[in-house]
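*Asks:* Going by the working numbering, the first residue of the sequence shown is number 6, and it counts up by one from there.
One structure is given below, represented as structure tokens, and several questions about it will come after.
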Amino acid sequence: MLNCQVILQFMILMYFEMMAILQESKQKLHSLVQIINCVGLPKHPKLNEILSVNLLDNTLDIYYTDILSLPQFEKIFLLTDELELRQAILKYNQTQQPQWKVEIKNSSYSLKTQYPQQINYTNAYFACFNTNQEKCLILSNYGGIWLDKNSEIEQPILTVEPVIQQSKDLNKISVFEQYLAIANGNAGVDLYQYKDNQLQYLLRISSKDLNQTSINIISLKLIKNRLSILDEHTGLYLFDIIDQQVLLLLSLPYQRCVAFDHSDNTYLIVAETPNNIEYMMEIFVLPATKEYYINRIYVDDFSFRDIQIDDDYAIIIGEDVHLVIRHSIFNGFMKNNTDLVKTFFEDELIRFEYIEMNQTIQTQYVETSYYIGLSKGSLHIWRFNDYNPVIICRFQYGTTQNYTIKANSSKCENHTNTDLFEQCQITQQFVIQASGPLLESDSNYIIIGVCVSVAIVILVILILLCRKGRALAKKIQELKKQADELKKYGALEAEQQSMGH
Numbered sequence: 006m007l008n009c010q011v012i013l014q015f016m017i018l019m020y021f022e023m024m025a026i027l028q029e030s031k032q033k034l035h036s037l038v039q040i041i042n043c044v045g046l047p048k049h050p051k052l053n054e055i056l057s058v059n060l061l062d063n064t065l066d067i068y069y070t071d072i073l074s075l076p077q078f079e080k081i082f083l084l085t086d087e088l089e090l091r092q093a094i095l096k097y098n099q100t101q102q103p104q105w106k107v108e109i110k111n112s113s114y115s116l117k118t119q120y121p122q123q124i125n126y127t128n129a130y131f132a133c134f135n136t137n138q139e140k141c142l143i144l145s146n147y148g149g150i151w152l153d154k155n156s157e158i159e160q161p162i163l164t165v166e167p168v169i170q171q172s173k174d175l176n177k178i179s180v181f182e183q184y185l186a187i188a189n190g191n192a193g194v195d196l197y198q199y200k201d202n203q204l205q206y207l208l209r210i211s212s213k214d215l216n217q218t219s220i221n222i223i224s225l226k227l228i229k230n231r232l233s234i235l236d237e238h239t240g241l242y243l244f245d246i247i248d249q250q251v252l253l254l255l256s257l258p259y260q261r262c263v264a265f266d267h268s269d270n271t272y273l274i275v276a277e278t279p280n281n282i283e284y285m286m287e288i289f290v291l292p293a294t295k296e297y298y299i300n301r302i303y304v305d306d307f308s309f310r311d312i313q314i315d316d317d318y319a320i321i322i323g324e325d326v327h328l329v330i331r332h333s334i335f336n337g338f339m340k341n342n343t344d345l346v347k348t349f350f351e352d353e354l355i356r357f358e359y360i361e362m363n364q365t366i367q368t369q370y371v372e373t374s375y376y377i378g379l380s381k382g383s384l385h386i387w388r389f390n391d392y393n394p395v396i397i398c399r400f401q402y403g404t405t406q407n408y409t410i411k412a413n414s415s416k417c418e419n420h421t422n423t424d425l426f427e428q429c430q431i432t433q434q435f436v437i438q439a440s441g442p443l444l445e446s447d448s449n450y451i452i453i454g455v456c457v458s459v460a461i462v463i464l465v466i467l468i469l470l471c472r473k474g475r476a477l478a479k480k481i482q483e484l485k486k487q488a489d490e491l492k493k494y495g496a497l498e499a500e501q502q503s504m505g506h
């Protein structure tokens, strides 16, 4: 009887505890819905390596300098610092799960046979013009050679380009539309124009044009009619190309420069402190007023080797650790957000380039593209998923709620100023009616409700069992009493019989 009372008391306490939890959960969920209605997820990347192929003759004596991917021709060409031309077969199967296949050819071709002089180690790059779909230019310290894209490595179709001048230090090249710019270290920058299927030498930017006594041009980039060049000792220079001439637009004085890249007027520059600590700056340039300002400086235990930047992302190449960063004037460069900064690893990554495809794979939520990478001893292909920004809202089942979304932008309706760095605000209103599958909050209600219902059923069963147990105990007591009386009666009858004898 005591155990039954204890069980009943426990079940009653459990019932009231469950009701308290339910009430508290309702209050918390209501508070969440009221306070945290929506969460915005920004545009963010996801990078996955899908293929890695070891290069043949992977020894310490071979160093690859550049890669040329031609998916339309199912080819990849590679260059080494000894002017060895190599080839790989590239195949792509467009299905629901796209498949890539890369096969390295055993043979190679020495470009040294195209030059009369003795060839030492040299930087070598590919340069392709959009107006010439059949050939690409191979540039080195010793000049230029045209390579037919339809060539096979066993018998490549090559033509020497006499216009390209020899240089002592070929540090970087850049091609945009009809212009070709070559960074030649201490000699400066050579500018060429490809017109009517012919390459023409235009001019050289020397130390005199930069108002310096000595220079060392280590990097450059051509975008539209702007030529940006980076000097190791004096900083960044911006030129306008007008009528085949250059006009100095703006200079950004920095010392001990390492690398740079830019997209429109957003520049990333890497430099070193006197203590050899590398740091990166995000700089916004206003060419019309010849002004610039530093938006953010990033310093970390990271060795920068190269930078690639487009309208949305910056790809930072290091020694073995590399970053893909979503950059924006509104969220700040290098913001500590795992959705905006992705890290990937590859030892001695030399090139990381976008693969030109016939069409981009795009859905409502994500845009998929592919990148090819060249490292010390292997080729790699990465799948780059660019997820569109989304808004996730919480609301209760069977309700209708109004939402107002405000977002920062540099392009708004009725906003006439097109300055990239002037912010405006977009306002959008919409209504959501909750129907269909249950949401998380409704699931919580159901789970707690089921638990309470089960507790009530168990409580009722225990009450019934206790009642039946009480009746059974009473019956047992009566039977026991009857048995005792029968025993007494039997003993008395036996005693009487013994006395009669």
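All C-beta atoms in this analysis are idealised placements derived from N, C-alpha and C, irrespective of residue type, glycine included.
Bear in mind the structure is a predicted one, so any value in this text is a computation, not a measurement.
Smallest Cα separation from residue 433: which of 405, 238, 120, 396?
*Replies:* Walking along the sequence shown from the start, residue 433 turns up at place 428. Of the candidates 405, 238, 120, 396, the one whose C-alpha sits nearest the C-alpha of residue 433 is 396.
*Asks:* Just to confirm before moving on: does the CB-CB distance between residue 71 and residue 379 stay below 9 Å?
*Replies:* In the sequence shown, counting from the first residue as 1, residue 71 sits at position 66. In the sequence shown, counting from the first residue as 1, residue 379 sits at position 374. In contact: residue 71 and residue 379 (Cβ atoms closer than 9 Å).
*Asks:* Which residue or residues does DSSP assign as beta-bridge partners of residue 53?
*Replies:* Taking the sequence shown and counting its residues from 1, one reaches residue 53 at position 48. DSSP, once it has assigned bridges, lists 388 as partnering residue 53.
*Asks:* Do residue 510 and residue 166 have their C-beta atoms within less than 9 Å of each other?
*Replies:* Limits of the chain in this structure are 6 at one end and 506 at the other, which puts residue 510 out of reach.
*Asks:* Who does residue 378 pair with in a DSSP beta bridge?
*Replies:* Indexing the sequence shown from 1 puts residue 378 at position 373. Answer is 357, 385, bridged to residue 378.
*Asks:* Excluding sequence positions up to five away, which residues of its chain have a Cβ less than 6 Å from the Cβ of residue 250?
*Replies:* As a working mapping, residue 250 is identified with position 245 in the sequence shown. Result list for residue 250: empty, nothing under 6 Å.
*Asks:* On a Cα-Cα basis, can you pick out the residue from 107, 90, 393 that is closest to residue 115?
*Replies:* Against the sequence shown, residue 115 aligns to sequence position 110. Cα-wise, what sits closest to residue 115 is 90.
*Asks:* Of all the options 356, 475, 324, 330, which has the alpha carbon lying nearest to the alpha carbon of residue 350?
*Replies:* Against the sequence shown, residue 350 aligns to sequence position 345. That would be 324, whose Cα lies nearest to the Cα of residue 350.
*Asks:* Whose C-beta lies closer than 6 Å to the C-beta of residue 209 among residues of the same chain, with five residues either side of it excluded?
*Replies:* Translated into positions along the sequence shown, residue 209 becomes position 204. So the qualifying residues of the chain are 193, 195.
*Asks:* Give me the DSSP bridge partner(s) of residue 43.
*Replies:* As a first step, residue 43 must be located in the sequence shown, where it is residue number 38. According to DSSP, which records beta bridges pairwise, residue 43 is partnered with 398.
*Asks:* Determine whether the beta carbon atoms of residue 242 and residue 248 lie at a separation below 9 Å.
*Replies:* Residue numbering aside, residue 242 sits at position 237 when the sequence shown is read from its first letter. Residue numbering aside, residue 248 sits at position 243 when the sequence shown is read from its first letter. Contact flag unset, no.
*Asks:* Measuring alpha carbon to alpha carbon, tell me which residue in 298, 263, 132 is nearest residue 5.
*Replies:* Because the chain is modelled from 6 through 506, residue 5 falls outside the range shown and cannot be assessed.
*Asks:* In angstroms with no decimal places, state the Cα-to-Cα distance between residue 229 and residue 404.
*Replies:* Sequence index remark: in the sequence shown, residue 229 carries index 224 (1-based). Sequence index remark: in the sequence shown, residue 404 carries index 399 (1-based). When rounded, the distance between both Cα atoms is 53 Å.
*Asks:* Report yes if the CB atom of residue 233 is closer than 9 Å to the CB atom of residue 220, and no otherwise.
*Replies:* As a position in the sequence shown, residue 233 is number 228, starting the count at 1. As a position in the sequence shown, residue 220 is number 215, starting the count at 1. No, Cβ-Cβ distance for residue 233 and residue 220 is not below 9 Å.
*Asks:* Is residue 508 helix, strand or coil by DSSP?
*Replies:* Absent from the model: residue 508. The displayed extent of the chain is 6 to 506, so no value can be given.
*Asks:* Helix or strand or just coil, what does DSSP make of residue 209?
*Replies:* Position 204 of the sequence shown holds residue 209. It is a strand residue.
*Asks:* If you count every other CB in all the chains shown that lies within 10 Å of the CB of residue 122, and 16 or more means buried, which is it?
*Replies:* Indexing the sequence shown from 1 puts residue 122 at position 117. So residue 122 counts as exposed.
*Asks:* Measure the Cβ-Cβ separation of residue 330 and residue 321 and say whether it is below 9 Å.
*Replies:* Translated into positions along the sequence shown, residue 330 becomes position 325. Translated into positions along the sequence shown, residue 321 becomes position 316. It is a contact, given that the beta carbons lie within the stated cut-off.
*Asks:* Taking the alpha-carbon of residue 391 as reference, which of 412, 377, 368 has the nearest alpha-carbon?
*Replies:* Here residue 391 refers to the residue found at position 386 when the sequence shown is read from its first residue. Selected option, being the one with the closest Cα: 368.
*Asks:* Give me the Cα-Cα distance between residue 458 and residue 468, rounded to the nearest whole angstrom.
*Replies:* Start at 1 with the first residue of the sequence shown, and residue 458 comes out as number 453. Start at 1 with the first residue of the sequence shown, and residue 468 comes out as number 463. Answer to the nearest angstrom: the Cα atoms are 15 Å apart.
*Asks:* Where in the stretch 210–244 do unbroken runs of the beta strand (DSSP E), each at least 3 residues long, occur, reported from the N-terminal end onward?
*Replies:* Within the stretch 210–244, the complete beta strand (DSSP E) runs of at least 3 residues are 222–228, 231–236.
*Asks:* What distance in whole Å lies between the Cβ atoms of residue 88 and residue 110, which are believed to be in contact at a cut-off of 8 Å?
*Replies:* In the sequence shown, counting from the first residue as 1, residue 110 sits at position 105. In the sequence shown, counting from the first residue as 1, residue 88 sits at position 83. Rounded, the Cβ-Cβ distance is 17 Å, inconsistent with contact.
*Asks:* Can you give me the C-alpha to C-alpha distance between residue 7 and residue 476, rounded to a whole angstrom?
*Replies:* Locating residue 7 in the sequence shown gives position 2, counting from the first residue. Locating residue 476 in the sequence shown gives position 471, counting from the first residue. In this prediction, residue 7 scores a pLDDT of 45, lower than 50, which makes its location untrustworthy; no coordinate-derived value is stated.
*Asks:* What three-state label does DSSP hand residue 35 in the structure shown?
*Replies:* Position 30 of the sequence shown holds residue 35. Because the pLDDT of residue 35 is 35, which lies under 50, any placement of that residue in the model is unreliable, and the number read from its coordinates should be weighed accordingly. It is helical.
*Asks:* What residues are listed by DSSP as bridge partners for residue 193?
*Replies:* As a working mapping, residue 193 is identified with position 188 in the sequence shown. Looking at the DSSP assignment, residue 193 forms no beta bridge with any residue, so it has no partner.
*Asks:* Rounded to whole angstroms, how far is the Cβ of residue 314 from the Cβ of residue 273, which I believe are closer than 8 Å?
*Replies:* Along the sequence shown, read from residue 1 onward, the residue named residue 314 stands at position 309. Along the sequence shown, read from residue 1 onward, the residue named residue 273 stands at position 268. Going by Cβ atoms, the distance from residue 314 to residue 273 rounds to 6 Å, so yes, they are a contact pair.
*Asks:* Would you tell me roughly how many angstroms separate the C-alpha atoms of residue 139 and residue 156, rounded to the nearest one?
*Replies:* Numbered from its first residue, the sequence shown carries residue 139 at position 134. Numbered from its first residue, the sequence shown carries residue 156 at position 151. Cα-Cα distance, rounded: 10 Å.
*Asks:* Report the three-state DSSP secondary structure of residue 265 (helix, strand or coil).
*Replies:* For the purposes of this step, residue 265 is identified with residue 260 of the sequence shown, where counting begins at 1. Residue 265: strand per DSSP, three-state reduction.
*Asks:* Run through the DSSP bridge pairs and tell me what residue 160 is partnered with.
*Replies:* Numbered from 1 along the sequence shown, position 155 holds the residue referred to as residue 160. In DSSP, residue 160 forms a bridge with 157.
*Asks:* Can you give the Cα-Cα distance for residue 181 and residue 197, rounded to whole angstroms?
*Replies:* For the purposes of this step, residue 181 is taken as the residue at position 176 of the sequence shown. For the purposes of this step, residue 197 is taken as the residue at position 192 of the sequence shown. For residue 181 and residue 197, the distance between alpha carbons rounds to 11 Å.
*Asks:* If you count every other CB in all the chains shown that lies within 10 Å of the CB of residue 484, and 16 or more means buried, which is it?
*Replies:* Residue mapping note: residue 484 aligns to position 479 of the sequence shown, counting from 1. Answer is exposed; the Cβ neighbour count stays below 16.
*Asks:* Rank 135, 257, 162 by C-alpha distance to the C-alpha of residue 296 and give the top, closest one.
*Replies:* Position 291 of the sequence shown holds residue 296. When only C-alpha atoms are compared, the closest one is 257.
*Asks:* For the beta strand (DSSP E) containing residue 275, list its first residue and its last residue.
*Replies:* Residue 275 sits at position 270 when you count from the first residue of the sequence shown. It spans 271–277 - the beta strand (DSSP E) in which residue 275 sits, taken as one unbroken run.
*Asks:* Whole-angstrom Cβ separation of residue 146 and residue 172, contact assumed at under 8 Å?
*Replies:* Translated into the one-based positions of the sequence shown, residue 146 becomes position 141. Translated into the one-based positions of the sequence shown, residue 172 becomes position 167. Contact flag correct, Cβ pair sits at about 6 Å.
*Asks:* Rounded to whole angstroms, what is the Cα-Cα separation between residue 143 and residue 409?
*Replies:* For the purposes of this step, residue 143 is identified with residue 138 of the sequence shown, where counting begins at 1. For the purposes of this step, residue 409 is identified with residue 404 of the sequence shown, where counting begins at 1. Going from the Cα of residue 143 to the Cα of residue 409 covers about 55 Å.
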